[in-house]
Amino acid sequence: MKINLDLIVRSTEIDVNGHVNNAKYLEYLEWGREEWYDANQLHYETLLGHGVQTVTVNININYRKECKQGDRLTVTTEPQSIGRSSYVLRQEIVNDQGELCADALVTSVTMDVETRKSRAVPDVLRGVFT
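Reminder that position 110 of the sequence shown reads as 110 in full-length UniProt numbering, one-by-one numbering, no gaps.
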């Protein structure tokens with residue numbers, strides 16, 4: 001399921017170049033992923049109940065267009081692919097003119113809370129990829 005998160009660029013998110021700092025885009029993406037987990041009833045406690053935590057292991061991001069203070073943005077998050085213990089979410093940041101500002105593929109791994117090693121993705125998470 002694709003989930004959208006709307007936000008407005010604040011003055012504290014602007015760098016010396018007058019646009020959103022590159023690291024802030026990563027934070028926007030994280031907020032979008034949190035929204036996706038919540039919308040899919042995959043709360044931290046739910047995953048913990050299955051003995052796993054999720055860990056981001058790779059973010060491949062393309063910065064397409066600068067964002068400035070006051071811009072209205074939409075972060076979309078949707079499942080891309082899933083393996084044994086890892087999965088990929090596709091994310092985009094689009095401005096209110098419909099212009100793509102950034103896109104990313106974010107790979108996460110399910111980690112056993114006791115052993116701190118990768119573990120098979122539980123069915124409750126795997127189910128949102130079908």
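All C-beta atoms in this analysis are idealised placements derived from N, C-alpha and C, irrespective of residue type, glycine included. These numbers come from a predicted model, not from an experiment.
Does DSSP classify T115 as helix, strand or coil?
-> coil
Enclosing alpha helix (DSSP H) for R33 [first to last residue] = 22–39
Same chain, Cβ closer than 6 Å to D6, neighbours up to 5 away in sequence not counted = T74
In angstroms, rounded to a whole number, what distance separates the CA positions of H19 and Q53?
-> 34 Å
Tell me which same chain residues have a C-beta within less than 8 Å of the C-beta of D103, skipping the five on either side of it?
-> I61, N62, R64, R90, Q91, E92, I93
Going straight from the alpha carbon of T110 to that of A39, what length do you get?
-> 19 Å
Determine, using beta carbons only, whether V121 and S85 come nearer to each other than 8 Å.
-> yes
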